[in-house]
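Just remember that this note's numbering sits 245 ahead of the position in the sequence shown, which is counted from 1.
Presented below is the structure to which this report refers.
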Amino acid sequence: ALPNSDEDTPPDDRFNQTINTFPAGGKIEELVVSTSTNLIYLTVKNGSTELLMEIDVMKNVRQINRSGETIDDMVASDRYGTLYINSKVGGTQQVIALSGDKRIVISKNSKDRVIGLGDGKVYIGEIENNKLIRIKTTADRVDLASNPALKTEWEGSLPFNNDRTLIGSKGQVVTYDQSTAYIVTNGQLKELKLQGDENYISEDGAELIQLNRSGTSTIVELIPLKS
């Protein structure tokens, strides 16, 4: 048995602490986590107001968006905790990196969108009329500089849906609809016809999840996705 403690200071009960800086009635739109730095980033929307918040492991909360800024997607670096966002303020659309107190412009091209991170690189898609026409990359670095050189990895035209685009574990870019998966690996495009009634691809790009209806049941098939 442990001896009685003469310590009468209550423990720091941060796990049960209420975070009260959320706007009343606010809805969490997006949430991403940087596991190595224990940072959580989330966007909270309340009517026309949107907040971008950073929460650290000690439950400290910071609001890090600019006034009037809207964010349509974001990804967090597992290496450095940097947050990459598609930012729009007024009529200005940019890809921005947020690191500590720094805001760094990654791309001023209004057609560019951050689509993911992988293989030590930030992946940026150039989108025109809902088509992915160019994939560009820059290094995910601890010492980011404004307007870094963007390397074009691929050019063409593919249907683009932000919710169905991912970066696989080998740096392959996968975008898909219900009939076809388009996989760009080392600048080479491969198309794969999808056979399920509904089709999904795992976040690491390794598995195709096919759902097929059979009477009142749904059959789930997992198929390795070869890039």
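Cβ coordinates follow ideal geometry from the N, Cα and C atoms, glycine included.
Just so you know, these numbers come straight off a predicted model, no measurement behind them.
Comparing alpha-carbon positions, the option among Asp-388, Leu-343, Arg-324 and Thr-430 lying closest to Asn-331 turns out to be Leu-343. Residue burial annotation: Ser-402 is exposed, with fewer than 16 other C-beta atoms found within 10 angstroms of its C-beta. Gly-370 places its beta carbon 8 Å or farther from that of Leu-362. Taken in chain order, the whole beta strand (DSSP E) runs of length 3 or more contained in the stretch 356-387 are 357-363, 366-373 and 376-384. Judged by their CB atoms, Glu-466 and Gly-432 are not nearer to each other than the 8 Å cut-off. For Arg-348, the enclosing beta strand (DSSP E) covers residues 347-352.
A distance of 8 Å or more separates the beta carbons of Glu-299 and Ile-316. Going by beta carbons, Arg-358 and Val-334 fall outside the 8 Å limit. Looking only at Lys-356, Pro-393, Ala-390 and Leu-287, the smallest Cα-Cα distance to Asn-375 is reached by Lys-356. Beta-bridge annotation (DSSP): Thr-410 is paired with Thr-420. Of the residues Gly-313, Ser-312 and Leu-328, the one whose Cα lies closest to the Cα of Met-319 is Leu-328.
Each residue's CA atom was taken as its position, placing Thr-463 and Ser-352 some 44 Å apart. When the beta-carbon positions are compared, Leu-389 and Ile-349 come within less than 8 Å of each other. Within the stretch 285-309, the beta strand (DSSP E) runs of at least 3 residues that lie entirely inside it are, in chain order, 294-300 and 306-308. Taking 8 Å as the upper bound for CB-CB distance, Val-418 and Ile-380 are in contact here, some 6 Å apart.
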